[in-house]
Every structure is written in structure tokens, then in C-alpha cells.
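Each residue of the sequence shown is one higher than the one before, counting from 1 in UniProt numbering.
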Amino acid sequence: MATLASDVTLTPAAAARVAAIAERQGKPAILRLSVEGGGCSGFQYKFGLADAPEAGDTIAETDGVRLVVDDMSLDLVRGSAVDFVDNLGGAHFAVTNPNAASGCGCGTSFSV
């Protein structure tokens with residue numbers, strides 16, 4: 001059973017970007033955030049559109065767009081916010097993670 005929680009948040013900018021991408025691809029506006037081993041610092045964030053939440057997912061919703069995180073990943077991103085940043089460095093989803101002890105310059109890798 002999926003649960004609604006305030007363990008993670010999706011900013012309005014990220015929600016708008018997910019909605020635009022999902023509409024172009026004809027998919028539901030559901031962004032999956034997961035954490036995998038690897039990257040420069042030990043763990044890395046992985047983003048992708050999901051067709052539906054899975055059993056055990058934690059769901060955050062902003063402006064009708066859902067962010068889903070599996071139980072294993074939630075332990076590493078609890079309290080985080082997912083934002084969409086568009087600046088001179090490029091356009092990308094960014095995670096502000098209070099659990100990360102350090103990160104790398106690319107912003108997609110972290111350690112705890």
C-alpha cells in the first residue's frame with residue numbers, strides 16, 4: 001500500500017516540469033526518485049517517469065503531480081526536496097538532501 005507522507009517534497013517548479021514532460025510523452029505525471037549505489041560519492045539519484053505508484057511507495061503531491069519514492073531509497077532521502085533548476089549550468093532536477101554528508105560537483109551523487 002502506498003502512503004502519502006511529508007517525508008519528501010516536490011517543488012512547484014519541479015511539478016511543472018514533470019507535468020510538461022509527462023504530457024509530451026503521454027504518460028501520467030508521476031516522477032520516481034530512487035537511489036542507487038555508484039556515482040562519485042557512493043550513491044546517486046535516479047529519476048524517471050512512472051506509470052503508477054508501487055506497493056510500499058511514499059508519495060508526495062504538488063499541483064496534481066506525484067513524486068514516488070520506494071522504501072529503500074526513502075531512508076536515504078527522508079526530508080529532501082526535489083526541485084527543477086534551469087540556469088547557466090543547465091536544466092536538471094536537483095535534490096536538497098539533509099542526510100547527505102557530502103556531494104560531488106555534478107549534484108547527482110552523494111554520501112551519507
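All C-beta atoms in this analysis are idealised placements derived from N, C-alpha and C, irrespective of residue type, glycine included.
Selection from the options that minimises the alpha carbon distance to residue i
i          : options           : result
residue 83 : 76, 92 and 59     : 92
residue 95 : 80, 87, 88 and 89 : 80
residue 27 : 76, 57, 90 and 66 : 66
residue 32 : 76, 51, 68 and 89 : 68
residue 70 : 58, 63, 47 and 25 : 58
residue 9  : 61, 17 and 100    : 61
residue 12 : 22, 42 and 63     : 63
residue 15 : 30, 25 and 24     : 30
residue 55 : 86, 48, 72 and 42 : 72
residue 76 : 85, 18 and 97     : 97
residue 25 : 99, 51, 46 and 36 : 51
DSSP state of residue i mapped onto helix, strand, coil
i           : result
residue 60  : strand
residue 8   : strand
residue 74  : helix
residue 54  : coil
residue 100 : coil
residue 29  : coil
residue 110 : Its pLDDT being 47, under 50, residue 110 is placed unreliably by the model, and the measurement read from it follows with that caveat. Correct three-state label for residue 110: strand.
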